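Here's the structure, in structure tokens; my notes come after.
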Amino acid sequence: DVKVTQSSRYLVKRTGEKVFLECVQDMDHENMFWYRQDPGLGLRLIYFSYDVKMKEKGDIPEGYSVSREKKERFSLILESASTNQTSMYLCASTEPGRSSPLHFGNGTRLTVT
Amino acid sequence: RKEVEQDPGPFNVPEGATVAFNCTYSNSASQSFFWYRQDCRKEPKLLMSVYSSGNEDGRFTAQLNRASQYISLLIRDSKLSDSATYLCVVRGDSNYQLIWGAGTKLIIKP
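Protein sequence lines, in the order shown, are assigned to chains G and X. Each residue of the first sequence is one higher than the last, beginning at 14 in the working numbering. Each residue of the second sequence is one higher than the last, beginning at 241 in the working numbering.
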């Protein structure tokens, strides 16, 4: 079974803090994704990566950056956390190929106060 | 029009009943389709892929209608544990272009 692990289940940070969300997958997947999920808005893609050191902006990259130094690890960085970044953050990975589904980590619920 | 649309529900269904819901998509070039299940405050989990010829997994049946651009999910003999939000996701031309529906909430009542 694919295992995608997010470092924290719940996180509380203050406005202006730099926040790191870590994600590790154990299946040697090339593609990794960061989403946020908010009630009524569904899943929105922040960034994705298709290889080490490669990254692409998703639909809502503003206020975020990412790092992929190793294939198994994809980090999401909130440069200066704001209250509107309070959300559920979901990391996912997938093999290349259009029939490959996403496998999600168990999510990080971030609250910015 | 949203790229992927689902009826948000909730669908309130008695235990043992059959329930079906659809997901419409706007991009006729969409390549692959999936149904995910998401429990409250948990991550989405893959329920099933949707194949062109339709596919079944136990009590669950998924269908694709390319002409009308929708996929469907049918749940037979519903169980209390089927209560969840069901998300559809549609993959476009690129491997990275995944468009998510906002989900349909299903509540199974005893």
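We put the beta carbon where it would ideally sit given N, CA and C, even for glycine. All figures in this text were calculated on a predicted structure; none of them were measured in a lab.
- For the pair G:S95 and G:V125, the CB atoms are nearer than the 8 angstroms cut-off.
- Under the three-state reduction of DSSP output, G:N97 falls in the helix class.
- Taking CB atoms only, G:F117 has a neighbour in chain X less than 8 angstroms away.
- Counting only runs of at least 3 residues, the region 63-116 of chain G fully encloses the following beta strand (DSSP E) elements, listed from N- to C-terminal order: 67-70, 77-83, 86-91 and 100-107.
- Taking the Cα positions, G:N119 is about 11 angstroms away from X:D279.
- The secondary-structure analysis by DSSP pairs G:Q50 across a beta bridge with G:L56 and G:M101.
- The beta carbon of G:L103 falls within 8 angstroms of a beta carbon belonging to chain X, placing the residue at that interface.
- For X:Y265, not one C-beta of chain G is nearer than 8 angstroms to its own C-beta.
- Proximity of G:F87 to chain X, defined by a Cβ-Cβ separation below 8 angstroms, is not satisfied.
- G:L56 belongs to the set of residues whose beta carbon lies under 8 angstroms from a beta carbon in chain X.
- X:N295 and X:S323 have their C-alpha atoms spaced approximately 21 angstroms apart.
- The Cβ-Cβ distance between X:R299 and X:D317 falls below 8 angstroms.
- Proximity of the region 29-39 of chain G to the region 82-97 of chain G meets the contact definition, three or more beta-carbon pairs being nearer than 8 angstroms.
- Residue-level contact by beta carbon fails for X:Y326 and chain G, as no gap is shorter than 8 angstroms.
- Counting only the Cα atoms, G:A105 lies some 5 angstroms from G:H116.
- Residue environment analysis places G:R22 among the exposed positions, since fewer than 16 neighbouring C-beta atoms fall within 10 angstroms of its C-beta.
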